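Peer 1: The structure that follows is given in the form of structure tokens.
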Amino acid sequence: MPVIVSEQGFNVVLYFNDHDPPHAHIKKAGGETRILLGDAETEPSVLDSQNMPAKDIKKSLALVILYQDFLLQKWEEFRNA
């Protein structure tokens, strides 16, 4: 479970051998949100969340949008490793 991005207390995690569709787990202070990474034509979107306040869910989504291309690249690297 490598942390791909760590920023403002948020850890963006991708799991090796995780299932499709491409998504990230964003963790902060005991909460977690899963966000679909989307693709070149689709923006990331929230899949689900546990124990994370709405403001942190919004920040998680903004973080994934910012790093979308990088996260998709890492997803493909992990899937093809």
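Going by our numbering, the first residue of the sequence shown is number 14, and it counts up by one from there.
The C-beta atom is built at its ideal place from N, Cα and C for all residues, glycine as well.
Remember, predicted model here, so these are calculated numbers, not experimental data.
In the DSSP assignment, find the alpha helix (DSSP H) that holds D69 and state where it starts and stops.
Peer 2: Run containing D69: A67 to L79, per the alpha helix (DSSP H) assignment.
Peer 1: Look up A37 in the DSSP assignment and give the residues it is bridged to.
Peer 2: A37 is bridged to I48.
Peer 1: Quick one, are the C-beta atoms of E50 and Q81 less than 9 Å apart?
Peer 2: Checking the sequence shown, residue 50 turns out to be Leu, not Glu. Yes, the pair counts as a contact, with Cβ atoms nearer than the cut-off.
Peer 1: Using DSSP with H/G/I as helix, E/B as strand and the rest coil, what is E56?
Peer 2: If DSSP states are grouped into helix, strand and coil, E56 belongs with coil.
Peer 1: What would DSSP say about D82, mapped onto helix, strand or coil?
Peer 2: D82 falls in the helix class under three-state DSSP.
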